[in-house]
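See below for the structure under consideration.
Here you go:
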């Protein structure tokens, strides 16, 4: 359970850094929205697991 969550956050972290690298070319408003969404996804998984 805890390992699954750690893996999930690790994957999300990698995706986030890639997204940020791409979005640094574009505007930070878009980046902010995407970060909020990406952070919301693991919490949904956590809520589902608990």
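Residue numbers (our numbering): 342 to 391. Ideal placement from N, C-alpha and C gives every residue a C-beta, glycine not left out.
Cβ distance (whole Å) where residue i is taken to contact residue j below 8 Å
i: residue 393; j: residue 379; result: Nothing in the structure corresponds to residue 393, since the chain is present only between 342 and 391.
i: residue 352; j: residue 390; result: Incorrect: roughly 15 Å between the Cβ atoms, too far for contact.
Short Cβ contact (8 Å threshold) for residue i with residue j
i: residue 357; j: residue 386; result: no
Within the segment 344–382, ranges of the beta strand (DSSP E) (whole runs, at least 3 residues)
none
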